[in-house]
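From first to last, the protein sequence lines are chains A and B. Letter 152 of the first sequence, counting from 1, is numbered 151 in numbering that gives the first Met the number 0, and no numbers are missing. Letter 149 of the second sequence, counting from 1, is numbered 148 in numbering that gives the first Met the number 0, and no numbers are missing.
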Amino acid sequence: MLKARVIPCLDVKDGRVVKGVNFVNLRDAGDPVECAVAYDEAGADELCFLDIAASHEDRGTLMDVVRRTAEVCFMPLTVGGGVRTLDDIRNLLLAGADKASINSAAVADRDFVRAAAEKFGSQCVVVAIDAKQAPTAPGEAPRWEIFTHGGRRPTGIDPIAYAREVAALGAGEILLTSMDRDGARTGFDIALTRAVADAVTIPVIASGGVGTLDHLVAGVKDGHASAVLAASIFHFGEFTIRQAKQRMAAAGVPMRMD
Amino acid sequence: MSVAIVDYGSGNLHSAHKAFERAAREAGLDLPVKVTRDPDEVARAERIVLPGVGAFADCRRGLDAVSGMIDALEDSVRRRGRPFLGICVGMQLMATRGLEYEVVPGLDWIAGDVGPIEAPGLKIPHMGWNTLRVGRPHPLLSGLATGDNGLHAYFVHSFQLYAKDPADLVATADYGGPVTAIVARGNVVGTQFHPEKSQKLGLAFIANFLRWRP
Chain A
0 MLKARVIPCL DVKDGRVVKG VNFVNLRDAG DPVECAVAYD EAGADELCFL
50 DIAASHEDRG TLMDVVRRTA EVCFMPLTVG GGVRTLDDIR NLLLAGADKA
100 SINSAAVADR DFVRAAAEKF GSQCVVVAID AKQAPTAPGE APRWEIFTHG
150 GRRPTGIDPI AYAREVAALG AGEILLTSMD RDGARTGFDI ALTRAVADAV
200 TIPVIASGGV GTLDHLVAGV KDGHASAVLA ASIFHFGEFT IRQAKQRMAA
250 AGVPMRMD
Chain B
0 MSVAIVDYGS GNLHSAHKAF ERAAREAGLD LPVKVTRDPD EVARAERIVL
50 PGVGAFADCR RGLDAVSGMI DALEDSVRRR GRPFLGICVG MQLMATRGLE
100 YEVVPGLDWI AGDVGPIEAP GLKIPHMGWN TLRVGRPHPL LSGLATGDNG
150 LHAYFVHSFQ LYAKDPADLV ATADYGGPVT AIVARGNVVG TQFHPEKSQK
200 LGLAFIANFL RWRP
């Protein structure tokens, strides 16, 4: 039986791990390669690097981090942040990433998703969606809107329709982050997660807002996500990967306990 | 004596390279592992690994584009019986034909076609960790905990090899029905999952391949 995945996400800036609370107040949580090895040994199902400085700075440092990580970690690695061209994807894959996560570039040009999937295969194309709940009148069904550029730029795009579109273009997976919940530790936006997961036939990774282990359970059971992503609850040692998986397994979510 | 990982432009071989080196080291084997696109080097290798990611047709074209590589593989693997491991699309290429997007001939080492996974109501790709149900014993599974409570392997694929001869099917994963996980015949074996990404199970499986005397 296929198991739900727990994916620690390392936000990387200048070759160091940081975790932003609502994308400000950065804290240094160590060397990404060391963290990656620790998570590999702890039984993480995959690992995600997000290059949060990608828009502005040299990517050489990140490539070096990816390369060194791939030498010592024998589990799948997704890398996102600043992926704009087919060459960006190629470079990440050559450095040792298994999947590249595309965000703003796919919003700007959907055809980039198709080109990436055709060139490298759907299995390595993750489309990251950052969404916020849109203001609604009382009694109106919830709506969401995609934001790009680290949450600064509204797009007017509905994440559910967009998810369907990128899935049809060849995306292999969706990494869905609630910008409202990111750093808030109040749990995933379950309504958003379920709306997107139920709209597409490709796997969805829930992200943004994890503060307790029960939030991880809810992401899969209520949000219908195939995988759950979290950062700070793992990075600062509040919970281990194993504790997370045990809690999820106890709640009836099939987990890999190897 | 060496292990050749065939480089034909299909994805990253860096972590596969490192995983085979680590498995060799942990198994106490002094086996140099080389990533190569040189058919002569492949012909000289004691063991051959054919990785592959992406679409079947792209991989087939990539393999064809390396002059002399198919001949080197046919000679080494088919005529001289060198141990061979195909991984993911590298495994699918062992089939008679691929039916992804277009009909493309494979190496025809394992009779069968590569077609879409049929798993109504489930997410496609089949992506993540799954256990192995073993249909028949195989030396590469020696010492590995398999079955529904066993170790997990990492899969990411939308197509699978439907082997014609049930004897070629060594193991399946359960995903809305059996999905081909390992095929084998004589000195060739193929895994749909990625041993180089499968942590404990993966490194043990690779070590078994490096010791295998078919």
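Ideal Cβ placement from N, Cα and C applies to all residues, glycine included.
Measure from the C-beta of residue i to each C-beta in chain A and report whether the shortest distance is under 8 Å.
i: residue 90 (chain B); result: no
i: residue 170 (chain B); result: no
i: residue 50 (chain B); result: no
i: residue 124 (chain B); result: yes
i: residue 153 (chain B); result: yes
i: residue 191 (chain B); result: no
i: residue 209 (chain B); result: no
i: residue 202 (chain B); result: yes
i: residue 110 (chain B); result: no
i: residue 114 (chain B); result: no
i: residue 157 (chain B); result: yes
i: residue 5 (chain B); result: no
Return no unless some Cβ of chain B is closer than 8 Å to the Cβ of residue i.
i: residue 25 (chain A); result: Bear in mind that the predicted position of residue 25 (chain A) carries a pLDDT of just 35, short of 50, making it too unreliable to give a figure here.
i: residue 257 (chain A); result: yes
i: residue 46 (chain A); result: no
i: residue 245 (chain A); result: no
i: residue 123 (chain A); result: yes
i: residue 95 (chain A); result: yes
i: residue 164 (chain A); result: no
i: residue 20 (chain A); result: Bear in mind that the predicted position of residue 20 (chain A) carries a pLDDT of just 29, short of 50, making it unreliable; the figure below should be weighed with that in mind. With 8 Å as the cut-off, residue 20 (chain A) does not count as an interface residue toward chain B.
i: residue 78 (chain A); result: no
Is residue j closer than 8 Å to residue i when the C-beta atoms are compared?
i: residue 203 (chain A); j: residue 252 (chain A); result: no
i: residue 83 (chain B); j: residue 158 (chain B); result: no
i: residue 145 (chain A); j: residue 124 (chain B); result: no
i: residue 195 (chain A); j: residue 175 (chain A); result: yes
i: residue 44 (chain B); j: residue 74 (chain B); result: no
i: residue 71 (chain B); j: residue 195 (chain B); result: no
i: residue 113 (chain B); j: residue 98 (chain B); result: yes
i: residue 106 (chain A); j: residue 156 (chain A); result: yes
i: residue 123 (chain A); j: residue 98 (chain A); result: yes
i: residue 13 (chain A); j: residue 68 (chain A); result: no
i: residue 138 (chain B); j: residue 207 (chain B); result: yes
i: residue 58 (chain B); j: residue 67 (chain B); result: no
i: residue 119 (chain A); j: residue 92 (chain A); result: yes
i: residue 216 (chain A); j: residue 5 (chain A); result: no
i: residue 70 (chain A); j: residue 17 (chain B); result: yes
i: residue 311 (chain A); j: residue 101 (chain A); result: As shown, chain A starts at 0 and ends at 257. That puts residue 311 (chain A) outside it, with no answer to give.
i: residue 178 (chain B); j: residue 109 (chain B); result: no
i: residue 192 (chain A); j: residue 223 (chain A); result: yes
i: residue 28 (chain B); j: residue 209 (chain B); result: yes
i: residue 249 (chain A); j: residue 10 (chain A); result: no
Compute the beta-carbon to beta-carbon distance between residue i and residue j, rounded to the nearest angstrom, for a pair I have assumed lies under 8 Å.
i: residue 33 (chain B); j: residue 257 (chain A); result: About 30 Å separates the two Cβ atoms, so there is no contact after all.
i: residue 105 (chain B); j: residue 96 (chain B); result: 6 Å
i: residue 173 (chain B); j: residue 0 (chain A); result: 6 Å
i: residue 44 (chain A); j: residue 127 (chain B); result: 7 Å
i: residue 168 (chain A); j: residue 109 (chain A); result: 6 Å
i: residue 209 (chain A); j: residue 232 (chain A); result: 6 Å
i: residue 197 (chain B); j: residue 153 (chain B); result: 5 Å
i: residue 214 (chain B); j: residue 121 (chain A); result: An answer regarding residue 214 (chain B) cannot be provided, because it is not within the stretch 0 to 213 covered by chain B.
i: residue 219 (chain B); j: residue 81 (chain B); result: Nothing about residue 219 (chain B) can be read from this structure; chain B reaches only from 0 to 213.
i: residue 3 (chain B); j: residue 35 (chain B); result: 5 Å
i: residue 94 (chain A); j: residue 66 (chain A); result: 5 Å
Which residues in chain A sit within 7 Å of residue i, going by Cβ to Cβ distance?
i: residue 150 (chain B); result: 257
i: residue 145 (chain B); result: By Cβ distance, chain A contributes nothing, its closest Cβ being about 12 Å from residue 145 (chain B), past 7 Å.
i: residue 54 (chain B); result: 120
Give the residues of chain B in contact with residue i, contact being defined as C-beta atoms less than 8 Å apart.
i: residue 200 (chain A); result: 122 and 123
Under 9 Å Cβ-Cβ, which residues of chain B neighbour residue i?
i: residue 2 (chain A); result: 127, 128, 129, 130 and 151
In chain A, which residues lie less than 9 Å from residue i when you measure between Cβ atoms?
i: residue 134 (chain B); result: Here the premise fails: no neighbours, minimum Cβ distance about 17 Å.
I want to verify the contact list: residues of chain B whose CB lies under 7 Å from the CB of residue i, in sequence order.
i: residue 70 (chain A); result: 17
i: residue 172 (chain A); result: 126
Under 8 Å between beta-carbons, which chain A residues line up against residue i? List them in chain order, please.
i: residue 196 (chain B); result: 73, 74, 75 and 97
i: residue 13 (chain B); result: 66, 69, 70, 93, 94 and 95
i: residue 199 (chain B); result: 257
Exercise for review: Anything in the segment 174-189 of chain B with a Cβ closer than 7 Å to a Cβ of chain A? List those residues in chain order, please.
Suggested key: 174
Point to revise | Contact residues within the segment 210-242 of chain A, judged by C-beta distance below 9 Å to chain B | key: 225 and 226
Check your understanding: Residues in the segment 139-159 of chain A with C-beta within 9 Å of chain B's C-beta atoms, listed in sequence order?
Key -> none
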